[in-house]
Amino acid sequence: MTTGYVVNLDNGHNGYCVESLIGFTYCGRTFDLEDVDRELYAVDRGHDHPHNTLCFDCSKVDSRTVRGAVRGEKA
Numbered sequence: 177m178t179t180g181y182v183v184n185l186d187n188g189h190n191g192y193c194v195e196s197l198i199g200f201t202y203c204g205r206t207f208d209l210e211d212v213d214r215e216l217y218a219v220d221r222g223h224d225h226p227h228n229t230l231c232f233d234c235s236k237v238d239s240r241t242v243r244g245a246v247r248g249e250k251a
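Residues in the sequence shown are numbered consecutively from 177, following the numbering used here.
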């Protein structure tokens, strides 16, 4: 499950984290929605786009699921 959003938590994970549930990431971090800018995961992006760098644990997410959530597809 994913919301289709990514967040940069500046938590030492060296990349964006994928939001699995609102306020929670795949790598187990929680965050306050008031303190963090959530970004819709960029689907059609260039090779140098920042969303290409996900934290290690979040990079294991099924990218088709994330892209589907961004496009509004239901599982």
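Cβ coordinates follow ideal geometry from the N, Cα and C atoms, glycine included.
- Rounded to whole angstroms, the gap between the alpha carbons of Ala218 and Val246 is 8 Å.
- Counting along the chain, the unbroken alpha helix (DSSP H) around Ser239 starts and ends at Ser239 to Val246.
- When the beta-carbon positions are compared, Tyr192 and Asp233 stay at least 8 Å from each other.
- Excluding its 5 nearest sequence neighbours in each direction, Arg221 has C-beta neighbours in its own chain below 8 Å: His227 and Asn228, listed in chain order.
- Counting only the Cα atoms, Glu249 lies some 28 Å from His189.
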